[in-house]
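Residue numbers (the working numbering), protein chains in the order written: chain W, 4 to 729; chain E, 4 to 729.
Right, here's the structure in full:
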């Protein structure tokens, strides 16, 4: 493994291609690099100039007085492989390559990129890029980048009065967006540690940098910007590592839309991938998805300010001096899925003594301008924070004037020391710089967006729950050796498309729908006998891999009772099947008990090209497709994850007491999902898709019935053809 | 009508209750008022002080050297009525009352508030408040308010280099939030005209101020913040007036959540009202709902910058020098419902000649840093803007450095002159002040939020469509004199709850479901005869206002064919009904043809306490309640509005070719909605609710069938009782 330490913390840096023309990128990168007090040596390397921006230049890395740790290669793409080779030869241990014109451009560029990879490997060099915007190590004042956001004139690298002691690192595939996080965070006084951009990720990718930083242990919150993920397994590993460490990963995947995904493909040669699959992976690992810069920075700010003081639940107390702004925040909290409960009587009584008659202590606690003028923000917030009815507090302020808060500072500090709940400040006016400083000094994050403030509290509460679930001792899953072997053998000898009876036999090995399997028969008499044995109304279904749409072709008969009826139906469905597909190979007719009524759901497993098999659940019925109400998770899932997935459906309330129905057996549904996901995980190499549609979930204690099932094998020409024929 | 002109444009102002203590609100309001160069006289009135903040004070308004135009009353609530009376007597024509302690506090306060109303009426005074935060007339430099956002130290009243010549006015029930709009807009260089806060709206309400400003014609965009609407008819009138004038109303209704609504009730004594109903009214009049300050200001900025240059459609061209930022913007556009089409070949060819090989002209046009360095932003934007494939352009820039844009300024100005499409700038880094100035000078709005930028373009495109629809010559609706009279008479003699046959007779007068009515019978023989006449399978339903849940009680039989079956079913349903409700008055049994299959919808009309009857459409079936996919509109609707309402359903795609079904007859559905809405509008005083559930929409050309119908009359004890019993 190459040494990222040499890349991010070099003792000396050479800029190969440095120029004196500060209008161009090659001049800018050298100018910016030199404008900060980096303690190490910086050498310009230029084939044409004897000096660059007043600094003596060297003709090549070989001519440098010492072998540098890091080379920045900003020369035309065609020259990059040779320069990198030269670096390797003289013992340079790391390189970043801002130059463009590689895999994102053409096949010729892709060849150059492959040369880079080979050279990096040969010399065990840590190589970032190409087609990136460099990086910044704020702690070392090292900024090899041409990003305008790092212009010296834009402001200092670190705030004078930072919020807390925690540090944020940005790791971004996009250079422009990566540095934009740092730039846009300036008014917030957050302390950054690294901004690393990764571009085409020929060698090092996002996960490598995050892994290094997690090991280093100096980054408290990550902001990640992805276009695609190069090595999914590596990414999942660092996601889990971060979750165990309690270091939140705040993430944005771009290229989620059709035009966005088209653009990703064209500019970094990455596959945009399915947004839903990415989201499922983020959710699994407690990664927090942000919708825009502001929201991601809000969430980062919340975590930085609160450290381990995460809210124990979703109940928020709101203090305000402006009635309208309190309402605004209450709306924002409700929209973020937080509760704003009426406060307990004791807390209200303690507050009421300080309020004018026209104020309100219910929650929002509207102390009015008069009330807050008398007592200050901190005391009201303290009274609310002490209430057992809330898990966090939002104080609504106008941060335009600082004098008032200045006077309140000692009490604000008291409160920050006393409470173990997050206390957030939201200002509805613009804050003055001094106000931000005062609040930061007292340890409070100041939000300017109500939505962002509420969303942050919610994200922190969710993160805590998910992490605690994750850290619980894991149920030791049975190794499933026997099941695995048996199902594997059966899969191997199956056709590419397994019709219902075959799919169900296979799934039953894992306990999926093992009751209620039905019987495969080959004559009308057998059908009648099977129906008699079942003892309640049955369905008959012709089984053939060549007839996927059984219902439409008449190859299914439902709700049959009595031997005569069953016999007649047997002949009818078989005749219909033969009429529809004379050449079809028919395996028999499946006789099944009719499922009692219940809530209809769809369960499935589909392979995402990046993330592999994902378990899907959706509400069944005619509207499911139109409303797209499905939830996904990587397989396997445990019971808790399955249960959480069910509640993520927008229409999840149908599973409760709904329209006169008793609550549904979601326990049984979750069990079914667990078993299905284990089957899919064990055989992921062999399976393209599983479709249980519908599954009927009965009332509590009565289980769930699979009504139809289909499995399509992977890597099979036949499967492809069948799939295409539908 | 009192003269709002005297309130907003007084020649002289008295502050009754002014104080020298600038820590208190009474001192602050006088301090702020005096800190701006208002051209008129400002008098402090104080019972105790001979001078206030160095200015000679007067003991009462009666002692002033002249009768002032405007009095600001900031004395304890109990003294306000007497002070206002005094003002009226000496000829003061307008007053604003910041003091609290009125209807929002107690019944005693409500009595004081009624006294204010009476006095205002008696002297024909324009009175704002009470419980408000004053106002600001920016053009007159008149700021009678204690809002910290208006502190002189916060910045100048008007920007030095404003974006365009247009002006924004804020009218807000909440004082804190109203002035926050102004304060938060400071970095945007928008020109404000008024910020008016209305508080409890004892006399003047939001609509009165908007009406005045529309007549004045100097406000180009309104920002409105509502907690509730005092006079719905007045509000609708100004909404229509603004739409005709082409002056957008950007609106936020707060108190949308349960805790928010609770807080509204407690702090301005307003009824929060139903969010869905407000939204329906906003949509009807093209009012643009914003989710937060930033979004509302973004939209205002877009309209101000573009004037009449609204996008003709939703197709956007994106120019960027950062690949990642281009993807980000493409995602934001797609999320806002905009199209980002691949550009036409001619446009691409014209662009390609300027691009390096690794850049892309597809859209986003990713010119890369090199490309834009060569040609500048303006030329690329110009090439894109000329394409017939787009209706608007977003240019993605980094506004951190201004030098580059400075050089591009002449070409930026050319483009602004040349194009008739909106061209927006979005910066992913923070802008420098100079950049904002440069862009404003050239006439471009600079967005810092991608979502806000995209949402603004979408809002402008929608506004244009809606307004053009509104301005079309209205179809002259038939006056429906006959229908109205006939239905009115029938309603008058009906019970409080009209069961299906009765409801259908009534609705049929308006043509609603006039075919397919079925026949009411009173014997098994009559039932069989009716079924024979219908000639296809029928349903029987017991008709009784006392049996609302027919299906559950067995009082319905479906899909009956043959005289014998029908006769037997008649006896069965009647017996079931009598068993279930022995005392029920039974009107007969309805014999109806079974409706052919189709998409199931629910149509209804419900009365909102503020906005009156609203037409509702929702997708039918078991999931409707869980997914809450319904759309509302005030009645009546015309055909275009009904069609638009259908497309607003999240699951609207079920009406197209869906799952093998042919497209549904949405024309017939819209006709049905129009007729239903006309009925509801004509009889709104008498009807509490109409419920057509389900309505089956058949394939195109085959109409729609009402399968069940219920009408509940208004203001009827019986109706209440029945409603509560369900």
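The beta carbon of each residue, even a glycine, is placed where N, CA and C say it ideally should be.
Keep in mind it's a predicted model, so treat the numbers as computed, not measured.
Less than 8 Å separates the beta-carbon of residue 180 of chain W from that of residue 328 of chain E. Residue pairing by DSSP places residue 679 of chain W in no beta bridge whatsoever. Of all residues in the stretch 80–114 of chain E, only 80, 103, 104, 105, 107, 108, 109, 112 come within less than 9 Å of chain W when Cβ atoms are compared, listed by chain position.
In this chain, the alpha helix (DSSP H) harbouring residue 573 of chain E covers 566–583. Uninterrupted alpha helix (DSSP H) stretches at least 4 residues long and entirely within the stretch 495–565 of chain W occur at 503–511, 527–537, given in chain order.
Restricting attention to E:337, E:59, E:368, E:192, the CA atom closest to the CA of residue 352 of chain E is found in E:368.
Under the 8 Å criterion on CB atoms, residue 354 of chain E is classed as non-interfacial with respect to chain W. Taking the Cα positions, residue 654 of chain E is about 26 Å away from residue 286 of chain W.
Chain W places a beta carbon closer than 8 Å to that of residue 432 of chain E, counting this residue as a contact. The stretch 11–65 of chain W contains, as complete beta strand (DSSP E) runs of 3+ residues, the segments 15–19, 44–48 (chain order). For residue 250 of chain E, the number of other beta carbons within 10 angstroms of its own is at least 16, and it is reported as buried.
Of all residues in the stretch 317–332 of chain W, only 325, 326, 327, 328, 329, 330, 331 come within less than 7 Å of chain E when Cβ atoms are compared, listed by chain position. Scanning E:313, E:46, E:116 for the CA closest to the CA of residue 79 of chain E turns up E:116. Residue 442 of chain W is outside the set of residues whose beta carbon lies under 8 Å from a beta carbon in chain E. Contact between residue 206 of chain W and residue 120 of chain W holds, with the beta-carbon distance rounding to 6 Å and staying under 8 Å.
The alpha-carbon separation between residue 660 of chain W and residue 667 of chain W amounts to approximately 8 Å. By the neighbour-count criterion, in which a residue is buried when 16 or more other Cβ atoms sit within 10 angstroms of its Cβ, residue 154 of chain E is buried. Within 10 angstroms of the beta-carbon of residue 525 of chain W lie fewer than 16 other beta-carbons, which makes it exposed. In the DSSP assignment, residue 459 of chain W falls within the unbroken alpha helix (DSSP H) covering 453–474. DSSP places residue 428 of chain E inside the beta strand (DSSP E), whose first and last residues are 426–430. Every alpha helix (DSSP H) of 4 residues or more that sits fully in the stretch 609–685 of chain E is shown, in chain order, as 627–630, 642–650, 669–685. Residue 457 of chain E and residue 257 of chain W have their alpha carbons spaced roughly 16 Å apart.
Interface annotation, residue 314 of chain E: not in contact with chain W, CB-CB separation never under 8 Å.
Contact between the stretch 423–438 of chain W and the stretch 396–404 of chain W is present: 3 or more CB-CB pairs across the two stretches fall below 8 Å. By the criterion of a C-beta distance shorter than 6 Å, residue 674 of chain E is surrounded by no residue of its chain, once the five residues flanking it on both sides are discounted. Among the CB atoms of chain E, none fall inside 8 Å of the CB of residue 374 of chain W. Proximity to residue 85 of chain W across W:73, W:448, W:69, W:63 peaks at W:63, based on C-alpha coordinates. Against chain E, the beta carbon of residue 404 of chain W has neighbours under 8 Å at 151, 154, listed in chain order. Taking a cut-off of 8 Å for Cβ pairs, the stretch 167–186 of chain E and the stretch 195–204 of chain E touch, as three or more such pairs fall below it. In the DSSP assignment, the residues bridged to residue 145 of chain E are E:140. Residue pairing of residue 706 of chain E in beta bridges, as defined by DSSP: absent, with no partner found. Taking a cut-off of 8 Å for Cβ pairs, the stretch 607–620 of chain W and the stretch 578–589 of chain W do not touch, as fewer than three such pairs fall below it. Beta-bridge partners assigned by DSSP to residue 596 of chain W: W:541. Beta bridge pairing from DSSP links residue 7 of chain W with no other residue. Inside the stretch 127–213 of chain E, DSSP marks whole beta strand (DSSP E) runs of 3 or more residues at positions 129–131, 138–140, 171–175, 195–200, from first to last along the chain. Residue burial annotation: residue 623 of chain E is buried, with at least 16 other C-beta atoms found within 10 angstroms of its C-beta.
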